[in-house]
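Visitor: Next up is a structure, given as structure tokens.
Residue numbers (our numbering), protein chains in the order written: chain A, 3 to 364; chain B, 3 to 364; chain C, 3 to 364; chain D, 3 to 364.
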């Protein structure tokens, strides 16, 4: 673990936010998978800043370089190495922070963990930019999922106090995808997206930030997918998803709301519909005993409001042991939820593909 | 992974609910740790049914047998093997269910996963009884945590619609522990506990069940504890916690409520208090960048309402493809939250001890 | 690692030589594999002392107990737990050794590693008796290998200065197996076996011991089996084989003798024979680039002479820092090579099955 | 596993022989270790071709690029990323081989493993060039070993029929190192080195190649270093060493020669010498029960003769199923033993450092 994740599939993330590059090594891709560079690039582009108004102005062309493991547009079966260069690296603005830790950032605990030796400019290895390697891995494995009949989608479920209305969530996956791609917010409802954009813009204007909730769904998983006890779908997905900075909670199906429900309400009754076995409801989020039930897998993660805000904040000098007022300069998103959507989607897809590849064993 | 978890410390769980025994092999315990058998037994007893009225009537004396790795009341440094026998095994009542899957249970996906060959009597390897091995591991490692100045506690935060009031949560950890041990519910508030007990009793009487939320806290963690990227405290804790059956969500600090907060509210400002660095609030739950901040670690898990209920439920015949009405017989808890409390506590402690042992490396 | 090995298949060994039992947990066996208890027991019996004259007189009935993972004579797909009880445990004779380490045993380094707390009676977790768990794992997986058309065999290649003649080694695998089962030595040549038996008997009479070489072969492996770089067949097999106490070297194909050969001699030229691709020689031992070539896999391990000898030996008192003369009492084999043969065979089979199960992924 | 190795320390190798670069990601280095770039570069240079006459003429400047994890000449504690570019890539000469597998190379099994999709130009991921990443990892960790008082050395023990005389092997480690650095062969004896050079030159002239044996030693290991059962020093070292292409055997201490020795000869008697505990002989190679005894660790690996030879060889056409005569063109070493010496040394050092870092846990 640490910089690597996965069993049959393995991703090892490398680089840092303000070093020369960020990327990953992806092992275990079956030989012969098609690699559509434009699609992989498009996946990376989805996690880039989402427009002048809503996001950071840092210029990140994120042009993908694949140096190994691809031949004639197909995976060779060997490890794939891919990265994007960090072309707009400015270390200056971050340096003064070292003695005055930014609230909400890893500055202070990382200083203790690494004896003060790690350059946390732009977050260093704690930066959201590290997720480039995750998206790359997920994008490479996408054609495998498609070939296996598995669709994976993530979308913005809420930002601050604006949520996608329940009714919009009952769309079939392809329509949900189409709807959520029609706005910068990644929310499958135009009105909600508009309200979210306004909230983000207000946060920006007031030098503040907002958080939100992302939902991911997967359909087409074979019944029984998963491994017992320490490798349930929930545990493995959660483990991987918490690698995404700013995520502070993960829930499956009815999740935390199950606490207030009775068993007779929360159990999903089985029924035969058109020759197919399904459950009338899906409070289980498509997972029972850690194994796929065949119903859509549904998970949600919470993304905390961006820690870097323009407002002056209370902090301290670590060396002088004095209170300090701190202003975090640099370029920051007032809301990273939309950019985290493709990361959540690709991490989810990666983990599911790993389980599918493990399953092939017998 | 699968039946094993941990890096410096490793637990491998074995057995099943209705086989001859359940237990675990625990590797990596430093030599010389004191083992107080009465305390380990007490930890196991905490996860036993909590009283005639509130829980299952299955008799489980859960008498611990330790066969390896202990000598003269101390760990030898070798693997410890411990188990309890399943003395009240009745396979009969479960057999007929095989063709009619119980809603909310792993019956159907497990049947697909294991080609119908696994005996899921009493849940088999999906049973909550497997958590005996987790409690054993956590109880063995407890003296190590104590020696390192780390305290870990879990308690019932809510059951169905009854929650422990906010005021009760501000107690120091030892008092919180004392309060939560004063009732069968594991809730640190007598009135709330009474209401919870009543709710559970009502659920039982109506042949139903209820869920709830468990909170775990840890104090005394060294600042910077954790590992980067794929081994943040959150990811590793979540991975291990999802091994506990019925858990469907995990959140840290302000968790899902962070979605509705602004950065200026959610960031925890630093301050020097009596020569010690702390944060004014603890929305981070003691974790930033996956590393311990030195503030109390706070996490919550949701426990779904027990899937086995006495009421008749809708299900199907898998072979005949017909709808069926199902009554789950056998002995079941209308609420497993109180029994899951010590499991959550010991899993949390185990994972933190693993990180502490990894940290010792340099 | 440590007490566990394997990826798709995993074995976790537990117990110790003079505790109540030794055994293992085996995960990842496909559901539905036939389990012939008599054959598994027979595999365990092959590693028992090989006769009054040649081996230890310790009585070890090694009656297998399987408590999980088997149903109606088939694997369920869940973890299998099996063990044998240690029925003839005598701790007395070993205790006095603690201050006077036995040459050739782990006594002294283990004392340092475990702060003197581990009971090394009979070797403790360093005992050859721990290999019961390995044989169990290998025996359980044998029907899977057979179903995949893979045969695995180990036999005694040499004991002290007596080797099986080259001519006997050219037999097809089934005949080699038959021949090597016709004597207690596990050597596929009656005359050599007789000489070996005499050498062992002489060693016993003179209070000494002898070592030897075991060869393992596997046929029917699919071409390309293996994983790149850190998981070549050689590396994984060697890793697992060194878990067998007393093994001090592993070589593949022409092994160490390749050092004295030229490339033109050591390269195995390809040829088509009867529509099948093979190599004229097999100096590669069936492995190139860590992957199976389709030719028989051939490996050899060296087993050092038993460290426990009846003769008085030079040692020291660790506490008094004085020289001491030591006599190791207890019951010991003057040669453990024949008993190690089935262990080598089953470890080899287990590792190959793990690779086969991993291969199924795509 | 696969492209990664290690537990507390982890190396992930990336790149391929004829892609743009080869290198590795190294995780787990403690923060603050000094990094002397010149020394790391010197380590890489040791595995480069060793002179016009003896080695390949391929130009490989192997200029190290370190892009992460180093700051002000010290490790930050984060992952280190390093690589060298492949500046002299010529794919042409290798392409025609695809249908006619080179004897002794991975061509044929890799074709099956990777469905013919992997470009094995220059060996691809099977190339000895991948070991650049191993040397990098070992060189980075060297200052840690030095700080812990551990010295590691590898040297050429034999090439073809010329061995370093026994007498030269009794030198203390620093003198052994000095002697083995005085010639291109890495052999600690001038006369033997001369004979080896002559043998290699003869092999070259006759279009052939030769193999040999490398010995590695480590001193200063703390008594008891190692982990039980599946992580003995031998098993972990062997696993890592077999990642080096062309290695076909590993032995420890007296190794295969122990097969012909009696227990009374092979056991190493303990003695107190000048207040220090040691053994009179060291047939155990410094390892008992998988744990370090405090005596020098001694291991040997066999390097097969280079598979690429200039002579015409017998092979086949895979597609036409005909016999073919094959001439391997390109630039090849007639003996890679001297170049493998630093790789063996650094892999050995890396694995030992991993064990030392794991040991720090309690």
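Virtual Cβ for every residue (Gly too), placed ideally from N, Cα, C.
#1: Roughly how many angstroms lie between the CA atoms of residue 54 (chain B) and residue 338 (chain B), to the nearest whole one?
#2: My guess is that residue 22 (chain D) and residue 87 (chain D) are in contact by the Cβ rule of under 8 angstroms, so how many angstroms apart are they, rounded?
#3: Give me whichever residues DSSP pairs with residue 254 (chain D) in a beta bridge.
#4: Going by beta carbon distance, what residues of the same chain come within less than 6 angstroms of residue 95 (chain C), once the five residues before and after it are set aside?
#5: Quick one: using the 10 Å Cβ neighbour count with 16 as the cut-off for buried, is residue 133 (chain A) buried or exposed?
#6: Kindly list the residues whose CB is nearer than 6 angstroms to the CB of residue 83 (chain B), restricted to its own chain and excluding five residues on each side of it in sequence; keep chain order.
#7: Is the separation between the beta-carbon of residue 153 (chain A) and that of residue 220 (chain A) shorter than 8 angstroms?
#8: May I ask which residues mark the beginning and end of the alpha helix (DSSP H) holding residue 320 (chain B)?
#9: Taking Cβ to Cβ, would you say residue 252 (chain D) is nearer than 8 angstroms to residue 301 (chain D)?
#10: Along the chain, which unbroken stretches of the beta strand (DSSP E) at least 3 residues long are found entirely within the stretch 191 to 257 of chain B?
#11: Please name the residue in B:35, B:275 and B:314 whose C-alpha comes closest to that of residue 75 (chain B).
#12: So, for residue 144 (chain D): in the same chain, excluding its five sequence neighbours on each side, which residues have a beta-carbon less than 7 angstroms away from its beta-carbon?
#13: If contact is defined by three or more beta carbon pairs under 8 angstroms, each pair taking one atom from either stretch, is the stretch 264 to 279 of chain D in contact with the stretch 268 to 286 of chain C?
#14: Taking only beta carbons into account, state which residues of the stretch 113 to 128 of chain D come closer than 9 angstroms to chain A, listed in chain order.
#15: So, is residue 172 (chain B) buried or exposed, given that buried needs 16 or more other C-beta atoms within 10 angstroms?
#16: Are the C-beta of residue 284 (chain C) and some C-beta of chain D separated by less than 8 angstroms?
#17: Let me make sure I understand the geometry here. Which of D:316, D:334 and D:288 has the alpha-carbon closest to that of residue 310 (chain D)?
#18: If you drop the 5 nearest sequence neighbours on each side, which residues of the same chain put their C-beta closer than 6 angstroms to that of residue 104 (chain C)?
#19: Please go through the stretch 66 to 124 of chain A and give each complete beta strand (DSSP E) segment of 3 or more residues, from N-terminal end onward.
#20: When DSSP labels each residue in this structure, what does residue 156 (chain D) get in the three-state scheme?
#21: When you compare only the Cα positions, how much space is there between residue 4 (chain D) and residue 14 (chain D)?
#22: Looking at residue 307 (chain A) and residue 284 (chain A), is the spacing between their C-beta atoms short of 8 angstroms?
#23: Quick check: residue 137 (chain B) and residue 246 (chain B), are their CB atoms within less than 8 angstroms of each other?
#24: Helix, strand or coil for residue 266 (chain A) per DSSP?
#25: Does the CB of residue 81 (chain A) have a neighbour CB from chain D at under 8 angstroms?
#26: Could you give the residue range of the alpha helix (DSSP H) that holds residue 351 (chain A)?
#27: Is the beta carbon of residue 215 (chain A) less than 8 angstroms from the beta carbon of residue 160 (chain A)?
#28: Express the C-alpha separation of residue 244 (chain A) and residue 127 (chain A) in angstroms, rounding to a whole number.
#29: Do you know how far the Cα of residue 24 (chain A) is from the Cα of residue 323 (chain A)?
#30: Tell me, please, whether the CB atom of residue 230 (chain D) is closer than 8 angstroms to any CB atom in chain B?
#31: Using alpha carbons as the reference points, say which of A:235, A:231, A:113 and A:286 lies closest to residue 230 (chain B).
#32: By the 10 Å Cβ neighbour count, where 16 or more other Cβ atoms means buried, how is residue 59 (chain D) classified, buried or exposed?
#33: Using a Cβ-Cβ distance cut-off of 8 angstroms, determine whether residue 96 (chain D) contacts chain A.
#34: Which class does residue 23 (chain C) belong to by DSSP, given the choice of helix, strand or coil?
#35: With a CB to CB cut of under 7 angstroms and the five nearest residues on each side skipped, what residues in its chain are close to residue 211 (chain D)?
Guide: A quick look at the data gives this:
#1: Only weak support is given to the placement of residue 54 (chain B): the predicted model assigns it a pLDDT of 43, under 50, and the value that follows is read from those uncertain coordinates. So the alpha carbons of these two residues sit roughly 14 angstroms apart.
#2: Between residue 87 (chain D) and residue 22 (chain D) the Cβ distance is about 6 angstroms, and since that is below 8 angstroms, they are a contact.
#3: D:301
#4: The predicted position of residue 95 (chain C) is uncertain, since its pLDDT is 47 and thus under 50; no value can be drawn from it.
#5: buried
#6: 27, 69 and 70
#7: yes
#8: Counted as a single uninterrupted DSSP element, the stretch harbouring residue 320 (chain B) is not any alpha helix (DSSP H), since DSSP gives it neither H nor E.
#9: yes
#10: 214 to 221 and 249 to 254
#11: B:35
#12: 351
#13: Judged by Cβ distances under 8 angstroms, the stretch 268 to 286 of chain C makes no contact with the stretch 264 to 279 of chain D, as fewer than three pairs qualify.
#14: Taking 9 angstroms as the Cβ-Cβ cut-off against chain A, the residues of the stretch 113 to 128 of chain D that qualify are 115, 116, 117, 118, 119, 120, 121, 126 and 127.
#15: exposed
#16: no
#17: D:334
#18: Cβ within range, chain order: 330.
#19: 66 to 70 and 82 to 87
#20: strand
#21: The straight-line gap from Cα to Cα measures roughly 9 angstroms.
#22: no
#23: no
#24: helix
#25: Cβ-Cβ to chain D under 8 angstroms: yes for residue 81 (chain A).
#26: 339 to 361
#27: yes
#28: 14 angstroms
#29: 35 angstroms
#30: yes
#31: A:113
#32: Because residue 59 (chain D) sits at a pLDDT of 48, beneath the cut-off of 50, its placement in the model cannot be relied upon, and the point is left open.
#33: With a pLDDT of only 47 at residue 96 (chain D), under the threshold of 50, the placement of this residue in the model should not be trusted, and no figure is reported.
#34: Correct three-state label for residue 23 (chain C): strand.
#35: 205, 307, 308, 311, 336 and 337
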